[in-house]
Each structure stands twice: as C-alpha cells, then as structure tokens.
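K.L.:
Quick one: the structure is below, and I'll ask about it shortly.
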Amino acid sequence: MGRQPCCDKVGLKRGPWTIEEDHKLMNFILNNGIHCWRTVPKLAGLLRCGKSCRLRWINYLRPDLKRGAFTESEEDQIIQLHLRLGNRWSKIASHFPGRTDNEIKNHWNTKIKKKLKLLGLDPVTHKPIEKTEKTNGNSSNKPDNDDDNGQGTNKVSPRKDEEKPEEIQLNLEETNDLFSNYHMLCESFDLDSWLNQGANTCCSSSYSMEESNKSSMGETNSTIQQDSLKQWVDSVDSFLSWDSFIH
DNA sequence: AAAACTTTCAACCGCGTCCGG
DNA sequence: TCCGGACGCGGTTGAAAGTTT
Numbered sequence: 001m002g003r004q005p006c007c008d009k010v011g012l013k014r015g016p017w018t019i020e021e022d023h024k025l026m027n028f029i030l031n032n033g034i035h036c037w038r039t040v041p042k043l044a045g046l047l048r049c050g051k052s053c054r055l056r057w058i059n060y061l062r063p064d065l066k067r068g069a070f071t072e073s074e075e076d077q078i079i080q081l082h083l084r085l086g087n088r089w090s091k092i093a094s095h096f097p098g099r100t101d102n103e104i105k106n107h108w109n110t111k112i113k114k115k116l117k118l119l120g121l122d123p124v125t126h127k128p129i130e131k132t133e134k135t136n137g138n139s140s141n142k143p144d145n146d147d148d149n150g151q152g153t154n155k156v157s158p159r160k161d162e163e164k165p166e167e168i169q170l171n172l173e174e175t176n177d178l179f180s181n182y183h184m185l186c187e188s189f190d191l192d193s194w195l196n197q198g199a200n201t202c203c204s205s206s207y208s209m210e211e212s213n214k215s216s217m218g219e220t221n222s223t224i225q226q227d228s229l230k231q232w233v234d235s236v237d238s239f240l241s242w243d244s245f246i247h
C-alpha cells in the first residue's frame, strides 16, 4: 500500500558520484535545464535516480554554491533562525546565499549543537538546560548526557571531562561568559530586519528549476550569460577533479 | 606505528505536500 | 473531490578522514 519508490532501483548506481557523472549531469542541466528530475538521469545518460541527481545538483554542482567553513556570524544567525524556525533547514538555508540545507543541518548537528550544550543551552528549546545535577546530586556533572551526539555515541564522550576535573572548572567559567554573550547577542540581534534583508537577496537551497534555468541557463540566451556559464564550467572543473581525487 | 575511537559530510530513505488530470 | 506522480524536506546512515591512545 505504501508509496511507489521514486524510481526503479534495479540497475541504478548508488554511492559517491564520479567525475564523469558530475560532468554528464552538469552538461545536461546547463544545456537543457531541468523540467522533470525523473527524466534527467535518462536523458543525461546516468544510471542514477532523479532524486539522486537532484541532490547532487543542489548540494554540490549548483553554480551559486558557497564553499568553506561557516563564519562565527553565520553560526550566530543559524542559531537565531533555528530558535525561530526549528529544524526547518531549508527555510534557514534560504537566508544563506550559497549554503544548502544539508550543509546547515550537518553543521548544526556536528558543531552548533555541541556549542549550545557547552553554553548550557538545550539545542532544541534554546533554553538553559535544567540544572538537575544540582538537585539530583548525580555528582557527575556530565555536561552532555549526550543523548544524541548523533550516532548514539554517548558511550565514550565524557571520558576527558571526567578525567580532568580542573578543566571542567575552566570550561564552566568560560561557559558563563559565553552564556552571557549569547544572551547579549540574542537581545541585540535584530532578526526581523535581517530576515527581511535576507529574503530579498538570498537564494534558497531549494533552488527552483525556473530560477536555475533563468539564472544558470540564461533564459534570455544572452551570450553574456552563456559566457559566464562557460567560465563557471571551466572553473568548476578544478574542484571536480579534486573531488574525484578524493573519491 | 598501528589500533581504536571520533568527527565530518555526502548520500540515501521515507514521508508530507503540491499539483494536474 | 479524489488519485497518483513528482518534488522537497528532514532524519539517518555509513564511509572516509582525523585524532587519540
């Protein structure tokens, strides 16, 4: 009774993309645009499902992607947006030009969550974590009962803190500072105006086909746009090569 | 030097939503 | 109004890279 799978998986390739596949997909999209993801792999000569192609394009091949680490201010903005929007990563990503929802989600799960916990804040509610350690006398002030730590790795994470109580002291002092800084930031940050500003200037990770076609494909067929696309294709080769090297 | 462990992030999966017939 | 196909989103996984012991 369940849904049909998005595609017939028999004979379809999975896993990391190769440089040839990237080139095929990129060339196809640049030449034809995207009208239906389901047909893209067939027409592009790829043994992938449409979903996989879409994901690869959005998260890796899109021309407007910004690469590199998140800045402090980006992190702060993510925290603010998460406070308002929750785990709506695509909404959050729409305020960061060139960032994908997947990227932001990953960054949240691997870095920001920990940061907030260090600040004594619940990453879900952004409120101070109940100081149960005071009341329940469960002396081990394990900062993170690391419920999650993603892959349920709470098995070993507290090891260092437990072994080095003097470091806990330092961390707690730092945490207090960070905590007050965080609240100052929250109070001073004008999210609404920032959101409005962002909404005008940013593009979302859910890069729409029309947008894609207009901006990347040059709906006007202007030669200028074609040239800049060529330049982009050339420039993107460098990281594709690098990518294949990694793979 | 090597094994054990942790972190990162690309990719997958399944569900919800949208939209056309 | 209902149904089915396609897209988009968020959660999760797992391999590779990095770090510690």
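What the first sequence shows, in full-length UniProt numbering, is residues 1 to 247, in sequence order.
We put the CB at the ideal spot given by N, CA and C, even for glycine.
(1) Am I right that G50 and P63 are in contact with their C-beta atoms under 8 Å? What's the rounded C-beta distance?
(2) For the alpha helix (DSSP H) holding M44, just list the boundary residues, first then last.
(3) For the alpha helix (DSSP H) holding S52, just list the boundary residues, first then last.
(4) When burial is assigned at 16 or more other CB atoms within 10 Å of the CB, is S73 buried or exposed?
(5) Which one of L85, E21 and I79 has the shortest CA to CA distance from W108?
(6) Taking all protein chains shown into account, decide if L47 is buried (16 or more other Cβ within 10 angstroms of its Cβ) or exposed.
(7) Taking the straight line between their C-alpha atoms, what separation do you get for E75 and R54?
(8) At what residues does the alpha helix (DSSP H) containing F28 begin and finish?
(9) Taking M26 as the reference, which of L43, K114 and K13 has the closest Cα?
(10) For L116, report the span of its alpha helix (DSSP H) as first-last.
(11) Under a three-way DSSP split, which group does L65 fall into?
(12) Identify, in the order they occur along the chain, each residue of the same chain with its Cβ nearer than 8 Å to the Cβ of W37, setting aside the five sequence neighbours on each side.
(13) What would DSSP say about L47, mapped onto helix, strand or coil?
(14) Going by DSSP, what residue range makes up the alpha helix (DSSP H) through K91?
(15) Among the residues of its own chain, which have a CB less than 7 Å from the CB of G11, if the five just before and after it don't count?
(16) Find out if the Cβ-Cβ distance for the pair G45, K13 is shorter than 7 Å.
P.N.:
Reading it off the structure:
(1) The count along the first sequence starts at 1 and reaches residue 50 at position 50. The count along the first sequence starts at 1 and reaches residue 63 at position 63. So it is not a contact: roughly 20 Å between Cβ atoms.
(2) Working through the first sequence from its first residue, we reach residue 44 at position 44. It is worth fixing the name first, because residue 44 is Ala in this sequence and not Met. A44 -> alpha helix (DSSP H) spans V40 to A44.
(3) Here residue 52 refers to the residue found at position 52 of the first sequence. Start and end: G50 to R56.
(4) Position 73 of the first sequence, counted from the start, is the residue given in the question as residue 73. Burial call: exposed.
(5) The residue you call residue 108 lines up with position 108 of the first sequence. If we check each option's Cα against that of W108, I79 comes out closest.
(6) Numbered from 1 along the first sequence, position 47 holds the residue referred to as residue 47. By the beta-carbon neighbour count (other beta carbons within 10 angstroms, threshold 16), L47 is exposed.
(7) Sequence index remark: in the first sequence, residue 75 carries index 75 (1-based). Sequence index remark: in the first sequence, residue 54 carries index 54 (1-based). Near 26 Å, if we compare the C-alpha coordinates of R54 and E75.
(8) Stepping through the first sequence from its first residue, residue 28 is reached at position 28. Judged by DSSP secondary structure, F28 falls within the alpha helix (DSSP H) whose first and last residues are I19 to N32.
(9) As a working mapping, residue 26 is identified with position 26 in the first sequence. Out of L43, K114 and K13, L43 has the C-alpha closest to the C-alpha of M26.
(10) Here residue 116 corresponds to residue number 116 of the first sequence, with the count starting at 1. Note, L116: alpha helix (DSSP H), K113 to L118.
(11) For the purposes of this step, residue 65 is taken as the residue at position 65 of the first sequence. When secondary structure is reduced to three states using DSSP, L65 falls in the coil class, being assigned neither helix nor strand.
(12) In the first sequence, the residue the question calls residue 37 occupies position 37. Within the same chain, and ignoring the five residues on either side of W37 in sequence, the residues whose Cβ sits closer than 8 Å to its Cβ are G50, K51, C53 and R54.
(13) In the first sequence, residue 47 corresponds to position 47, counting from 1. Looking at L47 - three-state DSSP - the assignment turns out to be coil, as it is neither helix nor strand.
(14) Here residue 91 corresponds to residue number 91 of the first sequence, with the count starting at 1. Judged by DSSP secondary structure, K91 falls within the alpha helix (DSSP H) whose first and last residues are W89 to A93.
(15) Residue 11 sits at position 11 when you count from the first residue of the first sequence. Excluding its 5 nearest sequence neighbours in each direction, G11 has C-beta neighbours in its own chain below 7 Å: L47, listed in chain order.
(16) Position 45 of the first sequence holds residue 45. Position 13 of the first sequence holds residue 13. Cβ atoms of G45 and K13: not closer than 7 Å.
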